[in-house]
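Residue numbers for the sequence shown follow my numbering, beginning at 11 and rising by one.
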Amino acid sequence: MGQTLVACAERNPQLQVVGQIDLGDELLPLIKEGEVVIDFSFHEATGSFASVCAEHSKALVIGTTGHSEAEKSQISNLKSQIPIVWASNYSTGVNTLFWLARKAAEILGPNFDLEIVEMHHRMKKDAPSGTAETLAEILADVRKQQLNKVIRHGRHGITGERMATEIGMHSLRGGDVVGDHTVIFAASGERLELTHKASSRETFAHGALRAAQWVVQQKPGLYDMQAVLGLR
Numbered sequence: 011m012g013q014t015l016v017a018c019a020e021r022n023p024q025l026q027v028v029g030q031i032d033l034g035d036e037l038l039p040l041i042k043e044g045e046v047v048i049d050f051s052f053h054e055a056t057g058s059f060a061s062v063c064a065e066h067s068k069a070l071v072i073g074t075t076g077h078s079e080a081e082k083s084q085i086s087n088l089k090s091q092i093p094i095v096w097a098s099n100y101s102t103g104v105n106t107l108f109w110l111a112r113k114a115a116e117i118l119g120p121n122f123d124l125e126i127v128e129m130h131h132r133m134k135k136d137a138p139s140g141t142a143e144t145l146a147e148i149l150a151d152v153r154k155q156q157l158n159k160v161i162r163h164g165r166h167g168i169t170g171e172r173m174a175t176e177i178g179m180h181s182l183r184g185g186d187v188v189g190d191h192t193v194i195f196a197a198s199g200e201r202l203e204l205t206h207k208a209s210s211r212e213t214f215a216h217g218a219l220r221a222a223q224w225v226v227q228q229k230p231g232l233y234d235m236q237a238v239l240g241l242r
């Protein structure tokens, strides 16, 4: 993603890449040169990036996933100091999927069983994907459920009948799949499936760069891609 972000930014005359950091590099020497930092790294590194941005009043775009609750809290606490866009997926298509999934859940109601299936390349380190987790959060929010009490990660053995309150989550890994996500609404006699398939990482890069241009104009706070696209 880092290479893709740089390549896409260099093709955009409105943007200038003033520096890049990788494993073992420090953000501090570069922080004064730019207006916004885009983080697509590893969950353990995001907190330190966010702290440096807060100390120097720089905006932050976070595309990294897999954060623990403690890491999320540490980063979220900085929202009063700097504007932060934090999204599990920066694709405009996926964010449309988020919107459609919410509307479908509202319209179809509790009589439809909810399942989420995601597939990514064999090198992805975390599961389920951050995008799949966001979809589950949306569905649980519509049904006014506590996600940790209704989520069901895969099934094996004699599991018994499916509970009506369950939200199924299934992660597939293989090959070079950039990212596929499907939300399934299944009822007696009919099934609705909403699917997004990404074939290029440039989709995410263009969205993150769009978020970077947007967030530098915002007041301190915590935003998502829905806000960037004007969907909320």
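In this text, a Cβ means the ideal position worked out from N, Cα and C, and glycines have one as well.
Note that the structure is predicted; figures quoted are calculated from it, not measured.
**Q.** Element boundaries [alpha helix (DSSP H), containing F59]
**A.** Residue 59 sits at position 49 when you count from the first residue of the sequence shown. Note, F59: alpha helix (DSSP H), 53–65.
Q: Could you name the residues of the same chain whose beta carbon sits closer than 8 Å to that of K89, not counting the 5 residues immediately before and after it, in chain order?
A: Numbered from 1 along the sequence shown, position 79 holds the residue referred to as residue 89. Taken in chain order, the residues that qualify are P230, G231, L232.
(Q) At the 8 Å Cβ level, is V95 part of the contact set with chain B, yes or no? (A) Note that chain B does not occur in the displayed structure, where there is just one protein chain.
Q: Return the first residue and the last residue of the alpha helix (DSSP H) that I117 is part of.
A: What you label residue 117 is simply residue 107 of the sequence shown in a count that begins at 1. Segment 102–118, the alpha helix (DSSP H) holding I117.
Q: Look at G189 and A215 and say whether their C-beta atoms are less than 8 Å apart.
A: As a first step, residue 189 must be located in the sequence shown, where it is residue number 179. As a first step, residue 215 must be located in the sequence shown, where it is residue number 205. Contact flag unset, no.
Q. Per DSSP, which one or two residues make a beta bridge with P93?
A. Here residue 93 refers to the residue found at position 83 when the sequence shown is read from its first residue. Its beta-bridge partners are G231.
Q) Any idea what DSSP makes of H216, helix, strand or coil? A) Taking the sequence shown and counting its residues from 1, one reaches residue 216 at position 206. Correct three-state label for H216: helix.
Q.
Looking at I177: is its Cβ nearer than 8 Å to the Cβ of A146?
A. By 1-based counting over the sequence shown, the position of residue 177 is 167. By 1-based counting over the sequence shown, the position of residue 146 is 136. Yes, the Cβ-Cβ distance between I177 and A146 is below 8 Å.
Q.
Given this structure, state the Cα-to-Cα distance separating Y100 from G185, to the nearest angstrom.
A. Along the sequence shown, read from residue 1 onward, the residue named residue 100 stands at position 90. Along the sequence shown, read from residue 1 onward, the residue named residue 185 stands at position 175. About 22 Å.
Q | R201 - partner residues in DSSP beta bridges | A | By 1-based counting over the sequence shown, the position of residue 201 is 191. A196.
Q.
Assuming contact is defined by CB atoms lying nearer than 8 Å, are S98 and T75 in contact in what I supplied?
A. Along the sequence shown, one-based indexing puts residue 98 at 88. Along the sequence shown, one-based indexing puts residue 75 at 65. Here S98 is near T75, since their CB atoms are less than 8 Å apart.
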